[in-house]
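This report refers to the structure that appears directly beneath it.
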Amino acid sequence: MSMRDQAPRRRMEPDARRAEILGVARRLFGARSYSTVSTSDIAAEAGVARALLNHYFGSKRQVHLDVVERNRDMWLSAIGLEAFGHDPKIDQIMLKAASREWLVRTVLHLVNAVFPAVRSDENSPRSGATS
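Residue numbers (this note's numbering): 19 to 149.
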């Protein structure tokens, strides 16, 4: 994307800007794989400097995790807390989602503890992403 194609920049409150960046990241991660989306892609689409994206999130991995968490929160609000404990199928789905989240976090923690040089963020040469 050239500078000419980049979204115009406008001053926004930090929370609004962060939400806008997450919306752009959600769209990009939904359309393409994690490894093909760079922080430069996200910043350009959002009309911000990559440094601002890094200021808010620190890494591509953190942007992705925030997108996943935001999607989970939207999903939970759509289901409604009143459904818990009243519908066995919803309870089963929620338990499965919670166990997967726990498993992913545990595996990532173990990988980082055992192999500190291995990282799954954009700085890893294995990810194929460039910023």
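Heads up, the beta-carbon is just placed ideally off N, CA and C, and yes, glycines get one too.
Model, not experiment: these values are computed from the prediction.
Here the alpha carbons of His104 and Asn72 stand approximately 42 angstroms from one another.
In the three-state reduction of the DSSP assignment, Arg90 falls in the helix class.
Between Lys78 and Thr54, the CB-CB gap reaches or exceeds 8 angstroms. Glu38 carries a helical assignment under DSSP once its states are collapsed to helix, strand and coil. Using a Cβ distance threshold of 8 angstroms, Val86 and Leu40 do not count as a contacting pair. Excluding sequence positions up to five before and after Glu63, its CB lies within less than 6 angstroms of the CB of Val42, all in the same chain and listed in chain order.
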